[in-house]
Amino acid sequence: MWGFSNKLPNRIEIPFDYINNLIVVNVDFHRIFPLKFVFDTGAEHTILARKEITDVLGMPYLREFELIGADMSQNLKAHLVRGVSFQIGPRMFLPYHSILVLEDDYFRFEEVTGHKIHGIIGADIFKNFVVSINFQRQIITLTKPSSFKRPGREFKAFPIEILKNRPYIYCPIKINNDSLITAKLLIDTGATIAIILNTNTSLDLKLPPDLITGNIGIGLGGFLEGFLGRIEKIGLGDFEMNEVISNFQELPAHVDTSLLNDRNGILGNQILRRFNIIIDYRNQILYLKPNRDYKKKFKYDKSGIIVIVAGMQLNRFMVHDILNYSPAFHAGLKKGDELKSINRMPISFYSLQDINKIFSKKEGKKIRLVIKRNGKRMVINFKLQKLI
């Protein structure tokens, strides 16, 4: 049985942590394991990434599925498990639920958050509610449609499409003077980026002139490769945002875009977090109210370093990749280097989020790294530089 219990309260509040642009909620899994899951409006099903948990519980795998990775080129194995009990937050209890269990942890959330995250909460759990997300208070509110009252005038209402329990919105996008498009975007709270545009889904989708190449994010199956640049303007109903950092990805030629509901891309948390959001699934309406982050500029890393977390205690910070011709590239930093200190402070003082903030500070800021490479300590110096 997928989904919804009539015994649930009319209104449920679920606190969350906002970790490296992901909404993370506490889940009591089968009344035994306290776990953390990403709240993901872009996912149709709830997925457990740690098969060892259901192995320990001796839960039978009823059917095998193939999932398509986020890069649309990988086929990943998952198993259907029924009869799982979930408690999400203090008041939402689902006594008998079906989930997908990945054969391997294809998400790799730990690397990009520095926290143990065990899976995603998909629309099969919350599709029968009106979903409100308050990024400032870090509260998700689920309201039964019969108890939902339209919000006040401070919220603007916009039509959306709900397809396979996923919300889509049409947004006017101006990449530059030569590229104007109305893009169909998946509203995806499981995406850490601002926006991904799949360049080969429309002839009107053209790349901006200033681009960098590299990792554009992480999804099911690992890191995604593509281009990073800024689009001139994106509209969300009555709201506009300028100079938005955007990710450009070309889908493999063999992909049937109808499987993606003919979308042009994804709208992620770096835009969504600038609003209080209400998704009315039944009536296909999105309500938006700008919050205090609405007018903040879109910042991007100025070092060229992509850092991931490693180690059993998630206390080692490794260089996963270096953008070509970036400050870190010219300073001699290499993939596989381990960070030991930043600006004379031991790395143990920092979280991954802290490190990313340091590397996104103003242009010209001096950075002094102590790294470990092949057992030897080295000092690397460079200045931050605007990359896009």
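Using this note's numbering, you'd call the opening residue of the sequence shown number 10 and step up by one each time. Built from N, CA and C at the ideal position, the CB exists for glycine as well.
- Within the DSSP secondary-structure output, Ile97 pairs in a beta bridge with Val36, Met101.
- Residue nearest to Asn383 within the set Lys344, Leu393, Met354 is Lys344 (criterion: CA-CA distance).
- Distance from the Cα of Pro69 is smallest, within the candidate group Ala87, His54, Ser255, for Ala87.
- Within the same chain, Cys180, Ile182, Met250, Val253 come within 6 Å of Ile243 by CB-CB distance, once the 5 residues on both sides are set aside.
- Your pair Lys193 and Asp271 checks out as a contact, with CB atoms roughly 7 Å apart and the cut at 8 Å.
- Going by DSSP, Gln258 is part of the beta strand (DSSP E) stretching over 248-258.
- Measuring C-alpha to C-alpha distances from His124 to each of Ala337, Asp26, Gly313 identifies Asp26 as the nearest.
- Its chain contains Ser312, Gly313, Ile314, Ile331, Phe391 as the residues whose beta carbon lies nearer than 7 Å to that of Ala337, once the 5 sequence neighbours on both sides are disregarded; these appear in chain order.
- Taking the CA atoms as reference points, Pro43 sits about 19 Å from Ile149.
- Distance from the CA atom of Val33 to the CA atom of Thr122, rounded to whole angstroms, is 11 Å.
- Assignment of beta strand (DSSP E) within the region 336-378, counting only whole runs of 3 or more residues, yields 347-351 in chain order.
- Around the C-beta of His106, 16 or more other C-beta atoms lie within 10 Å, and the residue is accordingly described as buried.
- Judged by their CB atoms, Val47 and Ile134 are not nearer to each other than the 9 Å cut-off.
- A straight line joining the alpha-carbon of Glu112 with that of Leu85 spans about 8 Å.
- For the 9 Å CB-CB criterion, Pro24 and Asn35 form a contact.
- Taking a 10 Å sphere around the C-beta of Asp219, we find fewer than 16 other C-beta atoms and assign the residue as exposed.
- Within its own chain, the residues whose Cβ lies closer than 6 Å to the Cβ of Lys381, once the five positions on either side in sequence are excluded, are Glu347, Lys349, listed in chain order.
- A residue is called buried when at least 16 other Cβ atoms come within 10 angstroms of its Cβ; Glu119 meets this threshold and is buried.
- Listed as beta-bridge partners of Asn390 by DSSP are Arg377.
- Where Phe74 is concerned, there is no enclosing alpha helix (DSSP H), although the beta strand (DSSP E) around it starts and stops at 72-77.
- In this structure, DSSP gives Lys153 a state outside helix and strand, which the three-state scheme calls coil.
- Just so you know, the alpha carbons of Phe167 and Asn185 end up roughly 25 Å apart.
- Ile287 has its alpha-carbon roughly 5 Å from the corresponding atom of Tyr296.
- For Arg239, the closest C-alpha among the options Asp247, Phe248, Phe257, Asp37 is that of Phe257.
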